[in-house]
Amino acid sequence: MPLLEVEALSVEFPTRRGVLKALDRVSFAIRAGEVLGMVGESGAGKSLTGAAIIGLLERPGLISGGRILLEGKRIDGLPPEEMRRIRGRRIGAIFQDPLTTLDPLYTVGRQLAETMQVHLGIPGAEARRRAVDWLAQVGIPAPEERVDSYPHEFSGGMRQRVVIALALCAEPRLVIADEPTTALDVSIQAQIIALLKRLARDHGTSVMLITHDMGVIAETADRVAVMYAGRIVELGPVARVIRHPAHPYTEGLMASIPMLEERRGRLAQIEGAMPRLSAIPPGCPFSPRCPKVFARCAEERPELMPAGETEAACWFHAPALAEAAHG
Amino acid sequence: MGEAATADGATLFEAEHVTRLFDVSGPWLRRVTNGEKQRFLRAVDDVSFTIGRGSTLALVGESGCGKSTMARLAVGLHAPSRGAIRFAGKPLAAARAEAGLRRRMNMIFQDPYASLNPRWRVARIIAEPIRAFGMLGGARAIAARVAELLVQVGLQPSDGEKFPHEFSGGQRQRISIARALSSEPEFLVCDEPTSALDVSVQAQILNLMRDLQRRLDLTYLFISHNLAVVRHMSDRLGVMYLGRIVEIGPAEEIFSVPRHPYTRMLLDAIPDLAPDRMAGGRSRVPIAGEVPSPITPPPGCSFHPRCPLANARCREERPEYMVAGATRVACHAVAEGRLPA
Amino acid sequence: MSAPATKARGGIGAHSPGPISRFLDSDLWYNFRRSPVAVIAGAVAFLCIAGALFAPWLAPHDPFNLASLSLSNSFLPPVPLAGSQWAFPLGTDDQGRDMLSAILYGGRISLVVGFCSVLFAAVVGVGTGLLAGYGGGVADAVLMRIADVQLTFPAILIALVVDGIISAALHQLHEATEIYIIVFAIGISNWPQFARTVRGSTLVERGKDYVMAARVIGISGPRIMLTHILPNVLGPVLVIATINLAVAIVTEATLSFLGVGLPPTNPSLGTLINNGNAYLFSGQWWITIFPGLALVIMVLSINLLGDWLRDALNPRLS
Chain A
127 MPLLEVEALS VEFPTRRGVL KALDRVSFAI RAGEVLGMVG ESGAGKSLTG
177 AAIIGLLERP GLISGGRILL EGKRIDGLPP EEMRRIRGRR IGAIFQDPLT
227 TLDPLYTVGR QLAETMQVHL GIPGAEARRR AVDWLAQVGI PAPEERVDSY
277 PHEFSGGMRQ RVVIALALCA EPRLVIADEP TTALDVSIQA QIIALLKRLA
327 RDHGTSVMLI THDMGVIAET ADRVAVMYAG RIVELGPVAR VIRHPAHPYT
377 EGLMASIPML EERRGRLAQI EGAMPRLSAI PPGCPFSPRC PKVFARCAEE
427 RPELMPAGET EAACWFHAPA LAEAAHG
Chain B
14 MGEAATADGA TLFEAEHVTR LFDVSGPWLR RVTNGEKQRF LRAVDDVSFT
64 IGRGSTLALV GESGCGKSTM ARLAVGLHAP SRGAIRFAGK PLAAARAEAG
114 LRRRMNMIFQ DPYASLNPRW RVARIIAEPI RAFGMLGGAR AIAARVAELL
164 VQVGLQPSDG EKFPHEFSGG QRQRISIARA LSSEPEFLVC DEPTSALDVS
214 VQAQILNLMR DLQRRLDLTY LFISHNLAVV RHMSDRLGVM YLGRIVEIGP
264 AEEIFSVPRH PYTRMLLDAI PDLAPDRMAG GRSRVPIAGE VPSPITPPPG
314 CSFHPRCPLA NARCREERPE YMVAGATRVA CHAVAEGRLP A
Chain C
552 MSAPATKARG GIGAHSPGPI SRFLDSDLWY NFRRSPVAVI AGAVAFLCIA
602 GALFAPWLAP HDPFNLASLS LSNSFLPPVP LAGSQWAFPL GTDDQGRDML
652 SAILYGGRIS LVVGFCSVLF AAVVGVGTGL LAGYGGGVAD AVLMRIADVQ
702 LTFPAILIAL VVDGIISAAL HQLHEATEIY IIVFAIGISN WPQFARTVRG
752 STLVERGKDY VMAARVIGIS GPRIMLTHIL PNVLGPVLVI ATINLAVAIV
802 TEATLSFLGV GLPPTNPSLG TLINNGNAYL FSGQWWITIF PGLALVIMVL
852 SINLLGDWLR DALNPRLS
């Protein structure tokens, strides 16, 4: 049984100009010990998906459809009290800005210990010992001394390490990491990514890694979901999606990333821009920009369907067409 | 210095031993009563480079390396504490005092949400340089020129009547570019112009900038932290660390034969998406440590705490530049031939 | 490479909505319509202002035309009490002046003084804030210390002192110029609030890239302050001005009540309250109560409007 199952999740924002559908029937699953990447550009809905799962959707957003199951039990629609128990204990979270994640008034040791005491029910002395141990695990030098330091006494990269410790210390089964390295320098990014990957593997924790950076996904994730305009357009093993993308959007995305290896004459670009939530076209949302568009695309919305070793929401891979195309 | 070579050999922009200090001492009263010394931040430390007409020089580095300060120095928003900057052969301050020369340089900024005045309509924003330099007379001539510029950057002439908040990030950068071009400059300083944009939008903007460079014979000083973008855009490249240029030379040479240990580590730290190297994801070689505070940089070579090749000399003596191929490098290991292949 | 002329002409200025339709479509107006407090307060404030502005046409009598007054009309109670007359619905004062008319004219003076003093305070405060925020350095330090020092004193005290000093110095011109002195005194007592807010906003805007873009092409400091920064810092100024209007009206009423404000020949609401105070406990309560009520209603509605505006203009979380 997968650790996390998201079935046809829809999130809406009622505004005075009408209802905006920010997520439209998003479905995926995360297995135990797996790293799933959610990649997409701004406005695609990847952060919203993470927020909905962990129960931190900002008003007036609300879950308007679908189910979220954690270890087989529904967690969408739980009362706030129960959701709070799940948060931290069974689902951990890492956000982009470590400065706002950590409380500036308390030492990091106190924050770690408190989290463990609340969620694991262990006594204070034991919690402090484990806090020091966690700091060592995330690579903070001299952890016995640094455990009594305040967040502002750490550098950016160190702070993010503390945040990772905080997310993992209650031993959750799943960690949702939303752009964990975007605010950091490139050289620090590499360190943090490596750390997250190693710890997740060592503790058997699944990770849902939300980012716009395909490179981070390539290094860390086992599978990746590509999001566009509130939907998943492609889902599959990382190497496959990157090397042989099945969805035209993924293709365009990969082609527009400047590569370190060769200097290209001109970057391939996707014309136009992602549609605003108030103006999502009917049928496939990518159809106005798609180089492979045909009649059916603007009429009917495609669901994820098998396309080689991945799944893509694209009529191009519909069985009848696939047969015709691949003869 | 001798690396101004371009096709026609014309140097448009020159920085010579430029240093910029910022006073970061505590409040005056406290300093005086406690007997503290004044403290200075060396944002830019003895930086020299030239840019040939029609070419692109990129300055790359991480936070605190001084590239943004250098961008501001290049357009005269700060004055150098030491050293000289020359534009078209004249000292920068003198050039900027003269409207005719000041018109020939402009700047594109990083944050598309803060670089356009939210209360002004787009047409007025783009026309500001035109009006400031008195280049055209009459509302109709200006309106026509604004429409022309909007089309040139891929927008509609009717977009001039809208406000910035009606546009997306990529479109706002296009407006910024149109504004920068309206004074018909030759030299553009681009401070991380695509860092805040999505990847597909970035591709559009970079393509646009290259097209414009070719068509209008523009010279770019391109600031970025993204080496892949820099590879795509630049002819020559300078790697900066804690205010110094540690390696500078033709982009192709630096990418194929990186010499300075920091350059090598920077290249190694970048995730690799190339298909033939994918095999389950190549794990990067993370750089040890973090960038130290620029207020109290390490003595000797400022990279030595993180450098795998550091020896005693590196800890004490600041390396001078040496020439290797067409590149200048400041590294003892390179000078002593200790660099592994 | 120039675009064809027809394209340019057809393109620019074609169909973007004007300011009125933009306002009606805005979140601010929508917010207003949905807030009962704002609508009621707005309606009441509007009535007060309209009544005061059109006083000469609305008032049934001219209370300050000495020839039309008759002592036989004095101390008439308001309708429907015994002895009242419909010609004087709110009663009359000791001189036979119609209370309703006096309140309308008095409210007019109160509003004019309030408005002008707020305008004066805003101009001085915004100008100072811009200079301090943009210029920085010594100018900033000096100007803000002056503001800080002034803020340690209660505004009413400052208005009182300034008014007292100038009135004493110019006592021979006292009567005619009294209103200008009051406006100046109240304005001077209120400028620091504007200055501090605008300075803060200016500091924020000064660091933004669009200001740097203007500096790069060589736009001068004063021009940047006026054309770029000023439009962006006016939002909070509007809120402060609205609330300050209420404060200014009350300040003026206080000064007049204390007898150092406007003279009885050109009375504001405060003067009327002061005038009627002597008769409060001898039975003719309406001479002081009705102007008092009018003052309360006017100030309360403006205050509520200002509160709503402050909340509506605040970037919200939901």
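Protein chains in written order, with this note's numbering: chain A, 127 to 453; chain B, 14 to 354; chain C, 552 to 869. Positions of the beta carbon are idealized from the N, C-alpha and C atoms, including for glycine. No experiment lies behind these values; they were computed from the predicted model shown.
> Under three-state DSSP, which class holds Ser852 of chain C?
Replying inline: Within the third sequence, numbered from 1, the residue matching residue 852 of chain C stands at position 301. Residue state, collapsed to three classes: helix.
>> Let me make sure I understand the geometry here. Which of B:Met120, B:Gly74, B:Gly65 and B:Thr82 has the alpha-carbon closest to that of Arg99 of chain B?
In response: Counting from 1 along the second sequence, the entry for residue 99 of chain B is found at position 86. Closest in C-alpha terms to Arg99 of chain B, from the list B:Met120, B:Gly74, B:Gly65 and B:Thr82, comes B:Gly65.
> Which residues of chain A have a Cβ atom closer than 8 Å to the Cβ of Val214 of chain B, listed in chain order?
Replying inline: Your numbering for residue 214 of chain B matches position 201 in the second sequence. For Val214 of chain B, the neighbours in chain A by C-beta distance under 8 Å run, in chain order, Glu167 and Ala399.
>> What residue range does the alpha helix (DSSP H) around His329 of chain A cover?
In response: The count along the first sequence starts at 1 and reaches residue 329 of chain A at position 203. Segment Val312 to His329, the alpha helix (DSSP H) holding His329 of chain A.
>> Can you check which of these residues, B:Glu260, B:Glu266 and B:Val31, is closest to Arg244 of chain B by C-alpha distance?
In response: If you number the second sequence from 1, residue 244 of chain B lands on position 231. The shortest C-alpha to C-alpha distance from Arg244 of chain B to any of B:Glu260, B:Glu266 and B:Val31 is the one to B:Glu266.
> The alpha helix (DSSP H) with Gly362 of chain A in it runs from where to where?
Replying inline: Position 236 of the first sequence holds residue 362 of chain A. For Gly362 of chain A, there is no enclosing alpha helix (DSSP H); the enclosing beta strand (DSSP E) covers residues Arg357 to Pro363.
> Among the residues of its own chain, which have a CB less than 8 Å from the CB of Gly293 of chain B, if the five just before and after it don't count?
Replying inline: By 1-based counting over the second sequence, the position of residue 293 of chain B is 280. With a pLDDT of 40 at Gly293 of chain B, under the threshold of 50, the predicted position of this residue should be treated as unreliable, and no value is reported.
> Since Ala337 of chain B contacts Arg272 of chain B with CB under 8 Å, what's their CB separation in whole angstroms?
Replying inline: Within the second sequence, residue 337 of chain B is the residue found at index 324, counting from 1. Within the second sequence, residue 272 of chain B is the residue found at index 259, counting from 1. Indeed, because the Cβ distance is near 6 Å, the residues count as touching under 8 Å.
> Once you ignore the five residues that flank Cys667 of chain C on each side, which residues in its own chain have a CB closer than 8 Å to its CB?
Replying inline: Reading the third sequence from its first residue, position 116 is the one you call residue 667 of chain C. Counting only Cβ-Cβ distances below 8 Å, and skipping sequence neighbours, we find Val734 and Gly738.
> What are the start and end residues of each continuous alpha helix (DSSP H) run of 4 or more residues lying completely inside the region 685 to 731 of chain C, in chain order?
Replying inline: With a minimum length of 4 residues, the continuous alpha helix (DSSP H) runs that stay inside the region 685 to 731 of chain C are 688 to 702 and 706 to 720.
> Can you find a C-beta in chain B that's less than 8 Å from the C-beta of Asp150 of chain A?
Replying inline: Numbered from its first residue, the first sequence carries residue 150 of chain A at position 24. Interface annotation, Asp150 of chain A: not in contact with chain B, CB-CB separation never under 8 Å.
>> Tell me the residue span of the alpha helix (DSSP H) that contains Pro787 of chain C.
In response: On the third sequence, residue 787 of chain C is found 236 positions in, with the first residue counted as 1. Per DSSP, Pro787 of chain C belongs to the alpha helix (DSSP H) from Leu781 to Phe808.
> Going along chain B, which residues have a C-beta under 7 Å from Pro334 of chain A?
Replying inline: Locating residue 334 of chain A in the first sequence gives position 208, counting from the first residue. Correcting the residue type first, residue 334 of chain A is Met in the shown sequence and not Pro. What Met334 of chain A touches in chain B: nothing, since even the nearest Cβ is about 17 Å away.
> Looking at Leu294 of chain A and the ligand NAP, is the gap between the Cβ and the nearest heavy atom below 7 Å?
Replying inline: The ligand NAP is not part of the structure shown, which contains no ligands of any sort.
>> Whole angstroms are fine: how far does the CA of Ala596 of chain C sit from the CA of Ser852 of chain C?
In response: Position 301 of the third sequence, counting from 1, holds the residue named residue 852 of chain C. Position 45 of the third sequence, counting from 1, holds the residue named residue 596 of chain C. Cα-Cα distance, rounded: 5 Å.
> Could you give the distance in angstroms between the alpha-carbon of Ala112 of chain B and the alpha-carbon of Phe146 of chain B?
Replying inline: Residue numbering aside, residue 112 of chain B sits at position 99 when the second sequence is read from its first letter. Residue numbering aside, residue 146 of chain B sits at position 133 when the second sequence is read from its first letter. When rounded, the distance between both Cα atoms is 7 Å.
>> Let me see if you follow: with CB-CB separation under 8 Å, is Arg349 of chain A close to chain B or not?
In response: Counted from its first residue, the first sequence places residue 349 of chain A at position 223. For Arg349 of chain A, the answer is no, since every Cβ of chain B falls outside 8 Å of its Cβ.
> Counting only runs that start and end within the region 157 to 220 of chain A, where is the alpha helix (DSSP H) found for 4 or more residues in a row?
Replying inline: Runs found: 172 to 180 and 206 to 215.
>> Determine, for Gly89 of chain B, whether the minimum Cβ-Cβ distance to residues of chain A falls below 8 Å.
In response: For the purposes of this step, residue 89 of chain B is taken as residue 76 along the second sequence, with counting starting at 1. The beta carbon of Gly89 of chain B does not come within 8 Å of any beta carbon belonging to chain A, so the residue lies off that interface.
> Near Ser332 of chain A, which residues of its chain fall below 8 Å by C-beta distance, leaving aside the five closest residues on each side in sequence?
Replying inline: Numbered from its first residue, the first sequence carries residue 332 of chain A at position 206. Scanning its chain for C-beta atoms nearer than 8 Å, with the 5 sequence neighbours on each side dropped, one finds around Ser332 of chain A the residues Leu129, Leu130, Ile156, Arg157, Ala158, Gly159, Glu160, Val161, Leu162, Arg299, Leu300, Val301 and Ala326, in chain order.
> According to DSSP, is His345 of chain B helix, strand or coil?
Replying inline: To locate residue 345 of chain B, count along the second sequence from 1; it is residue 332. Three-state DSSP puts His345 of chain B in a helix.
>> I believe Val132 of chain A touches Ile194 of chain A by the beta-carbon criterion, under 8 Å. Please report the beta-carbon distance rounded to the nearest angstrom.
In response: Working through the first sequence from its first residue, we reach residue 132 of chain A at position 6. Working through the first sequence from its first residue, we reach residue 194 of chain A at position 68. A Cβ-Cβ distance of about 5 Å is found for the pair Val132 of chain A and Ile194 of chain A, placing them in contact under the 8 Å criterion.
> Can you list, in chain order, the residues of the region 752 to 775 of chain C whose Cβ is nearer than 8 Å to any Cβ on chain B?
Replying inline: The residues in question are Lys759, Asp760, Tyr761, Met763, Ala764, Ala765, Arg766, Val767, Ile768, Gly769 and Ile770.
> Within 8 Å (strictly less), CB to CB, does Asn582 of chain C reach chain B?
Replying inline: Here residue 582 of chain C is taken as the residue at index 31 of the third sequence, counted from 1. Output row for Asn582 of chain C: interface = no.
>> By the 7 Å beta-carbon criterion, what residues does the region 808 to 837 of chain C contribute toward chain B?
In response: Residues passing the 7 Å Cβ filter: none.
>> Rounding to the nearest angstrom, what Cα-Cα distance links Leu809 of chain C and Pro125 of chain B in this structure?
In response: Indexing the third sequence from 1 puts residue 809 of chain C at position 258. Indexing the second sequence from 1 puts residue 125 of chain B at position 112. The straight-line gap from Cα to Cα measures roughly 56 Å.
> So what's Ile283 of chain B in DSSP terms, helix, strand or just coil?
Replying inline: Start at 1 with the first residue of the second sequence, and residue 283 of chain B comes out as number 270. Coil.
> What does Lys147 of chain A pair with, by DSSP beta-bridge criteria?
Replying inline: In the first sequence, the residue the question calls residue 147 of chain A occupies position 21. Within the DSSP bridge table, the entry for Lys147 of chain A names A:Glu138 as partners.
> Can you tell me whether Gln263 of chain A is buried or exposed, with buried defined as 16 or more other CB within 10 angstroms of its CB?
Replying inline: By 1-based counting over the first sequence, the position of residue 263 of chain A is 137. Gln263 of chain A comes out buried.
>> Contact criterion: CB-CB distance below 8 Å. Does Pro782 of chain C meet it with respect to chain B?
In response: For the purposes of this step, residue 782 of chain C is taken as residue 231 along the third sequence, with counting starting at 1. Answer yes: the Cβ-Cβ gap between Pro782 of chain C and chain B drops below 8 Å somewhere.
>> Counting only Cβ pairs nearer than 8 Å, list the residues of chain B close to Gln286 of chain A.
In response: Counting from 1 along the first sequence, the entry for residue 286 of chain A is found at position 160. Residues of chain B whose Cβ lies closer than 8 Å to the Cβ of Gln286 of chain A do not exist; the shortest such Cβ separation is about 11 Å.
> Going along the region 214 to 238 of chain B in order, which residues come within less than 8 Å of chain A, judged by CB to CB distance?
Replying inline: Of all residues in the region 214 to 238 of chain B, Val214, Gln215, Ala216, Gln217, Leu219, Asn220, Arg223 and His238 have a Cβ within less than 8 Å of some Cβ in chain A.
> Counting contacts by CB-CB distance shorter than 8 Å, is His779 of chain C in contact with chain D?
Replying inline: Reference to chain D is not applicable here, since the protein chains of this structure are A, B and C.
> In chain C, which residues lie with their C-beta within 9 Å of the C-beta of Ile129 of chain B?
Replying inline: Position 116 of the second sequence holds residue 129 of chain B. Just to set this straight, residue 129 of chain B is Leu in the shown sequence, not Ile. Those within 9 Å of Leu129 of chain B in chain C are Asp760, Tyr761 and Ala764.
>> Please identify the residue among A:Met127, A:Thr141, A:Ala134 and A:Glu167 whose C-alpha is closest to the C-alpha of Met340 of chain A.
In response: Locating residue 340 of chain A in the first sequence gives position 214, counting from the first residue. The shortest C-alpha separation from Met340 of chain A is found at A:Glu167.
>> I'd like the list of long-range same chain contacts for Leu376 of chain B, defined as Cβ closer than 6 Å, with 5 residues on each side in sequence excluded.
In response: Nothing can be reported for residue 376 of chain B, as the shown portion of chain B is limited to 14 through 354.
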